[in-house]
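See structure below.
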Amino acid sequence: MDILLFTCLTLLMNSRRGQQGWERKYVVLDGTKVSIYDSEPREDSLKPEEEFELCLPDGEVTIHGAVGASELINTAKSDIPYILKLESHPHTTCWPGQSLYFMAPSFPDKQRWVAVLESVVAGSRNSKDKVEADAKLLGNSLLKLEGDDRLDINCTLPLTDQIVLVGSEEGLYALNVIKNSLTHIPGLASVFQIRILKEHDKLLIITGEERALCLVEIKKVKQSLSQSHLPAQPDLSPYIFETVKGCHLFSSGKIENGTCICAAMPNKITILRYNDNLNKFCIKKEIETSEPCSCIHFTGYSIIIGTNKFYEIEMKQYMLEEFLDKNDVTLASAIFAASSHSFPISIIQVTQAPQKDEYLLCFHEFGVFVDEHGRRSRSEDIQWSCLPLSFAYREPYLFVTYFNSLDVIEVQGHSALGAHSYAHLDIPNPRYLGPAISSGAIYLASSYQNKLRVICCKGNLGQEGELQRNGSGRSPNKRGPPSYNEHITKRLAASPALHGDPGTPHRYREARTEFRRDKSPGRRPHSVEREKSPSGRMMMDPRLARSPGRALGGDLRLGRSPGRLMDRDVRRERSPGRGFEEQQHGVRQRLHTSSGRTPLTTVNKVWDQSSV
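Numbering (mature numbering (1 follows the signal peptide of the UniProt record, and there is no 0)), first residue to last: -18 to -1, 1 to 594.
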């Protein structure tokens, strides 16, 4: 026997009556197999009570070093930090997945088990065919900056088929993906979020140390780019909303043919609506929040926000109520998630007209599918492999970033059978920036040492079935899809005036290391280390940050419920408070849950950190 670890652990087991309870067992890690014994295995003839294979020939195993309290509602909160979880995901639907919960006697024991188990699983992943992983996830470098040329990038936004706006701590830039040139657009300080208001031909931006919300005309941005070679460039002349400062997140949408903006600040949200008579946006409602708002979504008639819970704001009377249906007992773990410190992170619309609206509500530990009325729409939840930092959805792919990796999950339709397919990519310090020009793709920033790289990640999970039918793990096209430069050059040559979104998927070619930075502002005399550690980037609250999905500094939990009365000139509404949670503080409630966890079909790709 090649025993790697042997100790006495406490396992969550099913009793003869079908009830779960913790029992002390002897656990042996022998090679790639975890064996569980009732008594100490002094002889080789003793057969294990249960076995768990870490290296599946047709599946994947995930080691969870942190387990949420919502998974183990009958376990004392003081025991949660000592628990680890082993979970298997078979690629075939013929065999069910398997989960094992271990409670270590001490935290160092848990860390030792997690480290060894992860190394065994990682060795199995590295030994698999990497070509299959390449066929399932296209991750390509679009921009590389290092040394003094490095920027601290917060967000990106495609402006045309050639130009991508880049918001950074150093200001606003434009990346020409054909010329591989980066041009500074003067007139704005730090840029944290950008969005296009098509109806008004303007950009909505969070900028400056005060994190002010402002509007900039798109034509002035294009004029500045066209005159970037001149000594003096036209002023952007941003219109700043003086009453909306300290903004960390916003969204916009059309309701009843009127453009609305919802801006989030540390302790409130502000709703603005465009007034055609005054030709400007006017504040219609301000609502205090007990937690910083982490996500905003516009429907055709309301706004859904995530704070300590998910709330829906009806836009006629600006009435606010909880979004999840309390009468749906299968949603108990989501409705009371805040009591176990699992807060909303994101809300994603996965289906829309002509189908019924369906949303994926993402919490720290899991995601749940609901309809437009806040009722469960699918029996299975999605469970994240680690603590998520941000979410992005580019139909049909859900991108989930972690501290040093990325998961791409293909969200199946209602009629689809089997598990959600997903791919895994190891990326150092990933940060979601925004949607890419290509459909189904996003831009990520990855920082390593003193280098920063912008990566275009595109889901390609649909090739799995074709690869299996062909009986080969190699991509049918050895050369791969055409590069972006090849694709866009042909399009522009055929139709120079065309500026729609490219209709076909494509890969991005490796960008040149050297970039032209025109009119960039002077650097400070002392270089500033911009690399953010995971803890530094998340700061005090891992749910928010300088750009959407990242944290603001300071403790922003104010203990106030949404809907407190604000300014006299603003319409008032009082929302449900947090009385129930405060009354039940420190008491573990037994929740009625019938939802399961969705197994995921996995594939992994290792990102070469030496090339970052």
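Virtual Cβ for every residue (Gly too), placed ideally from N, Cα, C.
Counting only the same chain and skipping the five closest in sequence on each side, list residues whose C-beta sits under 6 Å from that of S17.
If you number the sequence shown from 1, residue 17 lands on position 35. Taken in chain order, the residues that qualify are V10, P30, E33.
What is the DSSP secondary structure of G235, reduced to helix, strand or coil?
The sequence position of residue 235 within the sequence shown is 253, counting from 1. Three-state DSSP puts G235 in a strand.
Alpha-carbon to alpha-carbon, Q394 and H402
Mapped onto the sequence shown, residue 402 falls at position 420. Mapped onto the sequence shown, residue 394 falls at position 412. Taking the straight line joining both Cα atoms gives about 6 Å.
For V103, which residues in the same chain have their Cβ closer than 7 Å to its Cβ, ignoring the five residues on either side in sequence?
Numbered from its first residue, the sequence shown carries residue 103 at position 121. Counting only Cβ-Cβ distances below 7 Å, and skipping sequence neighbours, we find L36, V43, I45.
If you follow the alpha helix (DSSP H) that S206 is in, where does it begin and where does it stop?
As a first step, residue 206 must be located in the sequence shown, where it is residue number 224. Per DSSP, S206 belongs to the alpha helix (DSSP H) from 200 to 208.
Rounded Cβ spacing between K202 and P216 (contact assumed at less than 8 Å):
Start at 1 with the first residue of the sequence shown, and residue 202 comes out as number 220. Start at 1 with the first residue of the sequence shown, and residue 216 comes out as number 234. Yes, they are in contact, since the Cβ atoms of K202 and P216 sit about 6 Å apart, within 8 Å.
Using the Cβ count rule (16 or more neighbours within 10 Å means buried), how would you classify P220?
The sequence position of residue 220 within the sequence shown is 238, counting from 1. Flag for P220 reads buried.
Do A48 and L369 have their CB atoms nearer than 8 Å?
On the sequence shown, position 66 is the one that residue 48 refers to. On the sequence shown, position 387 is the one that residue 369 refers to. Result yes, Cβ atoms of A48 and L369 sit closer than 8 Å.
Tell me the rounded alpha-carbon separation between L(-10) and E53.
Counting from 1 along the sequence shown, the entry for residue -10 is found at position 9. Counting from 1 along the sequence shown, the entry for residue 53 is found at position 71. About 19 Å.
Simplified DSSP assignment, three categories, for D339:
Numbered from its first residue, the sequence shown carries residue 339 at position 357. Three-state result, D339: coil.
With DSSP run on the structure shown, which of helix, strand or coil describes K266?
What you label residue 266 is simply residue 284 of the sequence shown in a count that begins at 1. Three-state result, K266: strand.
Of all the options R376, I329, G169, V146, which has the alpha carbon lying nearest to the alpha carbon of G422?
Counting from one through the sequence shown, the residue named residue 422 turns up at place 440. The candidate whose alpha carbon is nearest that of G422 is R376.
Out of curiosity, what's the CA-to-CA distance linking D258 and T281?
Within the sequence shown, numbered from 1, the residue matching residue 258 stands at position 276. Within the sequence shown, numbered from 1, the residue matching residue 281 stands at position 299. Near 21 Å, if we compare the C-alpha coordinates of T281 and D258.
Going by CA-CA distance only, name the one from W4, I167, D40, G79 that's closest to I55.
Sequence index remark: in the sequence shown, residue 55 carries index 73 (1-based). Nearest option by C-alpha distance: W4.
Measure the C-alpha to C-alpha separation of E340 and E199 and round it to an integer number of angstroms.
Your numbering for residue 340 matches position 358 in the sequence shown. Your numbering for residue 199 matches position 217 in the sequence shown. If I take the Cα positions, the gap works out to 34 Å.
Contacts around I287, its chain only, beta-carbon distance under 6 Å, and the 5 residues preceding and following it disregarded:
Here residue 287 is taken as the residue at index 305 of the sequence shown, counted from 1. So the qualifying residues of the chain are C275, I278, Y293.
How about I237 and M301: are their beta carbons less than 8 Å apart?
For the purposes of this step, residue 237 is identified with residue 255 of the sequence shown, where counting begins at 1. For the purposes of this step, residue 301 is identified with residue 319 of the sequence shown, where counting begins at 1. In this structure, M301 does not lie closer than 8 Å to I237 by Cβ.
Can you tell me where the beta strand (DSSP E) with I278 in it begins and where it stops?
For the purposes of this step, residue 278 is taken as residue 296 along the sequence shown, with counting starting at 1. From DSSP, the beta strand (DSSP E) with I278 extends over 277 to 280.
I178 lies in the beta strand (DSSP E); which residues open and close that run?
Along the sequence shown, one-based indexing puts residue 178 at 196. From DSSP, the beta strand (DSSP E) with I178 extends over 173 to 179.
From R413, S284, K92, pick the residue whose C-alpha is nearest to that of P63; which is it?
The residue you call residue 63 lines up with position 81 of the sequence shown. Comparing Cα positions, the closest option is K92.
Does DSSP classify D353 as helix, strand or coil?
In the sequence shown, counting from the first residue as 1, residue 353 sits at position 371. Strand, per DSSP.
I want to know whether the region 404 to 411 touches the region 374 to 391 - three or more CB-CB distances under 8 Å.
yes
N-terminal and C-terminal residue of the alpha helix (DSSP H) that A316 is part of:
As a position in the sequence shown, residue 316 is number 334, starting the count at 1. First-last of the alpha helix (DSSP H) with A316: 314 to 317.
Nearest-angstrom Cα distance between I364 and R357?
Walking along the sequence shown from the start, residue 364 turns up at place 382. Walking along the sequence shown from the start, residue 357 turns up at place 375. Roughly 16 Å separates the two Cα atoms.
What's the C-alpha gap between S150 and I424?
Translated into the one-based positions of the sequence shown, residue 150 becomes position 168. Translated into the one-based positions of the sequence shown, residue 424 becomes position 442. Distance between the alpha carbons of S150 and I424 is about 17 Å.
Quick check on the burial criterion: 16 or more other C-beta atoms within 10 angstroms. Buried or exposed for E448?
The residue labelled residue 448 in the question sits at position 466 within the sequence shown. Low confidence applies here, because E448 scores a pLDDT of 40, under 50, leaving its location unreliable; read the following figure in that light. That one is exposed.
S206 and G190 - do their beta-carbons sit closer together than 8 Å?
Taking the first residue of the sequence shown as position 1, residue 190 is located at position 208. Taking the first residue of the sequence shown as position 1, residue 206 is located at position 224. No, Cβ-Cβ distance for G190 and S206 is not below 8 Å.
A58 burial status per 10 Å Cβ neighbour count (16 or more: buried)
The count along the sequence shown starts at 1 and reaches residue 58 at position 76. The residue is exposed, with fewer than 16 neighbouring Cβ atoms inside 10 Å.
What are the start and end residues of the beta strand (DSSP E) that includes E392?
As a first step, residue 392 must be located in the sequence shown, where it is residue number 410. Unbroken beta strand (DSSP E) run through E392: 387 to 392.
Contact check, F232 vs C244, beta carbons under 8 Å
Start at 1 with the first residue of the sequence shown, and residue 232 comes out as number 250. Start at 1 with the first residue of the sequence shown, and residue 244 comes out as number 262. Contact flag set, yes.
Am I right that S210 and T165 are in contact with their C-beta atoms under 8 Å? What's the rounded C-beta distance?
Taking the first residue of the sequence shown as position 1, residue 210 is located at position 228. Taking the first residue of the sequence shown as position 1, residue 165 is located at position 183. Sure, about 5 Å apart at Cβ, within 8 Å.
For the beta strand (DSSP E) that contains W4, what are its first and last residues?
Working through the sequence shown from its first residue, we reach residue 4 at position 22. From DSSP, the beta strand (DSSP E) with W4 extends over 2 to 12.
I need the DSSP call for S515, collapsed to helix, strand or coil.
As a first step, residue 515 is located in the sequence shown; it is residue number 533 there, counting from the start. Any reading at S515 must be qualified, since the residue scores a pLDDT of 38, below 50, and its modelled position is unreliable; the value itself is stated next. Reduced to three states, the DSSP call for S515 is coil.
Would you mind working out which of D408, C229, N442 sits nearest L186, comparing C-alpha positions?
What you label residue 186 is simply residue 204 of the sequence shown in a count that begins at 1. When each option's Cα is compared against that of L186, the closest is C229.
Which residue comes first and which comes last in the beta strand (DSSP E) that contains H182?
In the sequence shown, the residue the question calls residue 182 occupies position 200. Note, H182: premise wrong, no beta strand (DSSP E); not H, not E.
DSSP-derived helix/strand/coil call for K308
Here residue 308 is taken as the residue at index 326 of the sequence shown, counted from 1. Correct three-state label for K308: coil.
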